[in-house]
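> Just passing along the structure, written as structure tokens.
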Amino acid sequence: MGLSLSALSRSSHAIAVAIALPALSLLWAVPSNAGAADGAAAAPAREYEIKAAFLYNFTKFVDWPAQTFANADAPIVIGVLGDSPCVQALERLVKDRKVNGRTIVVRRIASAAEAKLTQMLFVSSAQEAQFAALEPALQSLPVLTVGESPGFASQGGAIDFVPQGDKIRFEININAAEHAGLKISAQLQKLAAVVHRSPT
Amino acid sequence: MHSVTRRRLALLLLMVWALSARVPEAIAQESSRSRDLGDLSIEELMNESVTSVSKREQKLSQAAAALFVINQEDIRRSGALNIPELLRMVPGLDVAQINANTWAISARGFNHQFSDKLLVLIDGRAVYTPTNGGVNWDTQDVPLQDIERIEVIRGPGATVWGANAVNGVINVITRQAKDTQGVLVAAGGGTQDQAFGTAQYGGKIGEDASYRVFTKRFEHNDLPNLAGRDTNSDGWHLLHGGFRVDGSLSSNDSLTAQGDIYGGSEEAGIDHIASLSPPLNESVQRVAGLSGGDILGRWNHVHANGSDTTVQAYFDRYSRSGPSRFEVRNTVDFDFQQHRRLGLRQDLVWGAEYRRSADRLVGTLDDAFVPADRTIELFSTFVQDEITLAPDRLFLTLGTKLEHNSFTGFELGPSVRMTWTPSARDTLWAAVADADRTPGRDDSNGDFNVAVFALPNGTPAEIGIVGNPRQKAEHLLATDFGYRVQASSRVSVDLAMFYNRYRQLRTLEPGAPILETDPVIHYDIPLVYSNQMHGTTDGLEVSAHFKVTDRWTLSPGYALLHMNLHTDPGSLDTRSVADIEGSSPRHQLQLRSSMTLPRGFAWDTSVYFVDRLAAEQVPSYTRLDTQLIWRSTQRLEWSLVGQNLLQNLHVESNDIATSVQPSQVKRSVYAKFTWTF
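Here the protein sequences line up with chains A and B, keeping their order.
Reminder that position 168 of the first sequence reads as 168 in the working numbering, one-by-one numbering, no gaps.
Adding 200 to a residue's 1-based position in the second sequence gives its number in the working numbering.
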């Protein structure tokens with residue numbers, strides 16, 4: 001059917017030229033920067049790895065009510081709503097790490113019943129609708145809700161990741177945290193891009 | 201003169217890019233990157249850049265292009281059962297259904313069945329066919345629940361994506377296998393979408409690999425013809441199976457393998473020259489067998505210095521036995537891409553691609569291809585550098601493509617893009633880019649008998665379209681501006697404006713009539729493809745999201761298009777300008793409402809207004825689609841969908857250049873359930 005793979009060499013000239021131009025300009029450009037590029041840089045930190053590191057860090061700046069934990073050894077449970085790449089990143093991160101003597105457990109959350117058993121709940125932007133459905137069940141429970149869609153913090157979430165350039169910042173809704181019975185340290189509030197606090 | 205300008209632009213780009221690469225980095229690299237992210241303080245994390253592994257994944261808010269992303273939730277809430285219907289929600293895309301199984305989809309004008317200026321890729325596999333410069337939408341049957349997102353770029357994307365990304369690029373990206381674990385069964389039926397179903401299973405292979413396998417089937421009903429009678433046969437059915445495996449060899453190496461196989465058939469009415477004497481054109485019903493498959497492998501390696509390399513290869517085969525031609529096409533493609541940071545301020549991506557596509561094209565009634573068998577090759581390289589002029593504020597992206605194709609030889613696609621983010625909420629961007637649409641087999645090698653009629657003296661005359669082996673590429677120089685703003689936590693607006701300059705656009709030039717004696721005395725009037733049209737288009741697209749309440753979002757959109765085309769002096773083509781200008785709507789308006797209700801209910805409604813198509817005698821129309829979803833349990837979801845509810849019948853496309861006879865789109869309903877466990 002005329003579908004043989006034979007005439008490959010015919011256009012070898014074209015390949016040579018087509019590859020040569022970008023390759024040449026690349027050689028020209030690289031040397032002056034090679035030192036800066038290679039030295040310290042590790043694998044590119046991806047958005048969710050950074051967000052996972054934030055989530056882990058937040059546990060250090062939040063005080064949960066004493067009755068939240070069954071005993072002094074009970075772990076801090078971070079729930080992730082739905083399928084999010086954050087789960088794997090978090091699992092890798094919290095392995096072998098303790099906060100205030102507690103280990104950290106990462107759970108994938110699918111229902112309100114599961115969400116109630118967490119201390120922190122991360123809602124990725126794809127799961128907003130699901131969150132809206134189970135939010136009423138979390139009312140007044142000591143669960144720190146963390147989102148990443150615009151307006152999450154101003155609409156009842158406690159912390160919201162907001163992009164700023166290619167960096168990640170976060171907003172805090174102090175009322176939502178207080179309503180949940182959580183204390184967010186002043187240090188963390190200082191670092192937030194915005195702290196929402198409605199006059200009461 | 202134009203090509204001189206193009207070369208100068210490319211040279212200038214290359215010089216600016218190379219110079220900036222040599223600017224010494226004053227600031228020493230922070231050492232934080234080498235540490236585990238878990239060891240970083242909050243302050244340090246706040247200084248970490250979100251650098252996606254592939255340069256091709258960019259944050260929507262920062263892209264210096266008119267980009268619209270359809271995510272999985274949008275798909276679930278759309279009620280669409282196939283990709284063309286899903287694309288209606290993209291402001292500025294013109295989606296017109298021709299018959300039950302055929303769509304014309306384009307951005308920024310030039311819409312017809314094979315709208316040859318829109319490049320479409322599914323997981324990095326090009327589904328734009330070089331046969332006629334378009335997409336066979338009927339066989340792009342990706343299971344919608346497996347789509348991670350669809351990125352739609354309006355405007356040129358030739359620098360990175362290559363030729364034919366002239367007026368837009370659509371990238372369909374499917375979810376990783378680890379994100380589709382478990383069993384999924386979805387099925388339903390209705391008046392037009394008579395019966396459809398998907399069964400899928402996702403599991404794990406050891407610790408580091410996941411897979412999914414699926415099978416999917418649908419039966420689609422006929423639509424009535426332009427007179428409103430049900431004499432058309434344009435039903436459509438397809439059986440499709442596929443898989444995807446994702447695994448990691450190490451923390452730095454990921455592998456993906458995926459494939460599809462499908463078979464089915466569809467019907468269509470086509471125009472046929474039944475007899476030369478007396479002249480007789482008639483409509484005949486044809487059945488087309490559809491089959492094909494593809495297999496793709498991709499390897500991504502993240503190097504110790506933070507750069508990453510992706511190597512991809514695929515094989516794609518399809519075969520269509522109709523309606524007007526028999527076609528088999530086998531394509532192999534090898535793609536190499538590397539992304540690296542140069543110092544603190546530059547992000548470089550470059551790549552090379554080789555594609556070889558071999559076909560057999562045999563006309564069945566009035567079409568012929570000379571030669572019938574042809575193998576075409578494509579060599580393509582590109583380099584693109586994103587330069588941070590001011591951290592977090594000002595970014596300059598320079599790049600060019602250089603490719604060699606079998607039809608027109610070397611083509612270049614330089615572009616300059618600039619993004620300015622004065623605050624975290626505002627993004628302004630501008631771009632100047634060059635792109636070309638390379639000819640396909642139709643343009644170069646086609647020979648199509650179109651119609652027969654009687655001359656005043658009674659002699660029959662037959663009009664034929666004849667391909668031109670020396671057909672040149674169509675060129676675009678595009679200027680784009682855009683502004684995105686998150687006005688408040690509830691309101692965001694995205695505006696894009698464009699001014700496009702085209703030259704060497706395709707025309708059909710009448711040749712001297714030829715007197716033929718076989719089988720009877722008649723004249724052949726050849727219309728030969730040429731490149732004798734130029735002109736400009738301009739317009740704007742604006743879309744917004746209003747979060748009216750926490751549970752209710754309104755998304756209005758509007759697109760405006762002006763086309764101002766002219767034939768070159770010397771051209772004898774008197775039709776193409778009016779045909780092209782009159783085949784895309786000047787105004788398009790849409791409003792989507794998305795409501796999340798208590799007890800697991802969700803209600804979504806979309807209204808679309810599409811302006812008239814003067815050249816096709818298609819009046820303006822308004823269509824309304826709605827969907828009610830009920831998630832009765834965590835694992836079971838029901839949906840009831842009504843489409844085209846405002847009118848029983850309406851015409852969306854009546855393109856004279858189409859290969860099939862148009863039908864009217866009909867009011868329809870269907871019900872569906874999705875069960876996951």
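Cβ coordinates follow ideal geometry from the N, Cα and C atoms, glycine included.
Please read all numbers here as calculations on a predicted model, not as lab measurements.
Where B/R670 and B/T398 are concerned, what is the direct C-alpha to C-alpha distance, given to the nearest angstrom?
Rounded to whole angstroms, B/R670 to B/T398 spans 46 Å at the Cα level.
> Cβ of A/P75 less than 9 Å from any chain B Cβ?
A/P75 does not count as touching chain B.
> Any chance the CB of B/G463 is under 8 Å from a heavy atom of the ligand NAD?
Looking at this structure, you won't find the ligand NAD or any other ligand, since it has none at all.
> Using alpha carbons as the reference points, say which of B/R444, B/Q834, B/S315, B/P479 lies closest to B/V650.
Nearest option by C-alpha distance: B/P479.
> Check whether the Cβ of B/R520 lies closer than 9 Å to any Cβ atom in chain D.
No chain D is present in this structure, whose protein chains are A and B.
> Identify, in the order they occur along the chain, each residue of the same chain with its Cβ nearer than 6 Å to the Cβ of B/I807, setting aside the five sequence neighbours on each side.
Sequence check: residue 807 of chain B is Val here, not Ile. Correct list, in chain order: L791, L824.
> Once DSSP output is grouped into helix, strand and coil, what is the label at A/L55?
DSSP places A/L55 in helix when its eight states are reduced to three.
> Spatial neighbours of B/S783 within its chain, please: CB distance less than 7 Å, with the 5 preceding and 5 following residues excluded, ordered by chain position.
Contacts found: N311, H312, L813, A815, E816, D855.
> Is B/N500 helix, strand or coil by DSSP?
In the structure shown, B/N500 sits in a strand (DSSP, three-state: E or B).
> Which residues in chain A have a C-beta closer than 9 Å to the C-beta of B/N247? List them in chain order.
Residues of chain A passing the Cβ test: K167.
> So if I threshold CB-CB distances at 9 Å, which residues from the segment 370 to 403 of chain B count as touching chain A?
Answer in chain order: R375, Q376, K378, D379, T380, Q381.
> A/N57 touches chain B at which residues, Cβ-Cβ below 9 Å?
G238, L240, S241, I242, L245, listed in chain order.
> Please specify which runs of the alpha helix (DSSP H), each continuous and at least 4 residues long, are wholly inside the segment 610 to 659 of chain B, giving them in chain order.
If we require 4 residues or more, the alpha helix (DSSP H) runs fully inside the segment 610 to 659 of chain B come out as 641 to 645.
> Verify the CB distance criterion: does A/I172 have a CB-CB separation below 9 Å to chain B?
For A/I172, the answer is no, since every Cβ of chain B falls outside 9 Å of its Cβ.
> In chain A, which residues lie less than 8 Å from B/T796 when you measure between Cβ atoms?
In chain order: A129, A132, A133.
> Just the C-alpha distance for B/L319 and B/A633, rounded to the nearest angstrom, thanks.
Rounded to whole angstroms, B/L319 to B/A633 spans 16 Å at the Cα level.
> Between which residues of its own chain and B/G309 is the CB-CB distance below 6 Å, once the five residues before and five after are set aside?
Same-chain partners within the cutoff: T737, L761, M763, S784.
> Closer than 9 Å, CB to CB, is B/Q272 near chain A or not?
At least one chain A Cβ lies under 9 Å of B/Q272.
> Just confirm the distance between the C-beta atoms of B/H420 and B/Q392, as a whole number of angstroms; I'd bet it's less than 8 Å.
Going by Cβ atoms, the distance from B/H420 to B/Q392 rounds to 7 Å, so yes, they are a contact pair.
> Per DSSP, what kind of secondary structure is B/T753 in: helix, strand or coil?
Looking at B/T753 - three-state DSSP - the assignment turns out to be strand.
> Go through its chain and collect everything with a Cβ distance to A/G39's Cβ below 6 Å, but skip five positions before and after it.
The predicted model places A/G39 with a pLDDT of 28, which falls under 50 and marks its position as unreliable; any figure quoted below should be read in that light. Within the same chain, A/G39 has no close Cβ partners at all.
> Are the CB atoms of A/E171 and A/A192 within a distance shorter than 9 Å?
Yes; because the gap between Cβ atoms is below 9 Å, this pair is in contact.
> If the cut is a Cβ gap below 9 Å, which residues of chain A does B/A802 touch?
Ordered by position in chain A, the residues that pass the 9 Å Cβ test against B/A802 are A129.
> Could you tell me the distance, in whole angstroms, from the CA atom of B/H501 to the CA atom of B/T564?
Looking at the two C-alpha atoms, the distance is approximately 48 Å.
> Between the segment 94 to 111 of chain A and chain B, which residues of the former have a C-beta closer than 8 Å to a C-beta of the latter?
Hits within the stretch, in order: V94, R97, A110, S111.
> Rounded to a whole number of angstroms, what is the C-alpha to C-alpha distance between A/L144 and B/R277?
Roughly 28 Å between the two C-alpha positions.
> Residues in its own chain within less than 6 Å of B/P713 by CB, not counting five upstream and five downstream?
Within the same chain, B/P713 has close Cβ partners Y723, I725.
> Which value, in whole angstroms, describes the spacing of the CA atoms of B/A307 and B/R786?
Using only the alpha carbons, I get a separation of about 12 Å.
> Just list the residues that DSSP pairs B/I373 with in beta bridges.
Paired residues: B/R349.
> For A/S185, does the count of other Cβ atoms within 10 angstroms reach 16, so buried, or fall short, so exposed?
Exposed: under 16 other Cβ atoms inside 10 Å.
> Just checking: is the beta-carbon of B/D592 within a distance shorter than 9 Å of some beta-carbon in chain A?
For B/D592, the answer is yes, since a Cβ of chain A falls inside 9 Å of its Cβ.
> Can the beta-carbon of B/R574 be found closer than 9 Å to that of B/G522?
No, they are not a contact pair.
> Using a Cβ cut-off of 7 Å, which residues of the segment 738 to 751 of chain B contact any Cβ in chain A, in chain order?
Correct list: K747, D750, R751.
> So A/F161 contacts chain B; which residues on that side make the cut at Cβ distance below 8 Å?
Under the 8 Å cutoff, chain B gives no residues; its nearest Cβ is about 10 Å from A/F161.
> By DSSP, does A/F170 sit in helix, in strand, or in coil?
Here A/F170 sits in strand by DSSP.
> Tell me whether A/W64 sits in a helix, a strand or coil according to DSSP, three-state version.
Three-state result, A/W64: coil.
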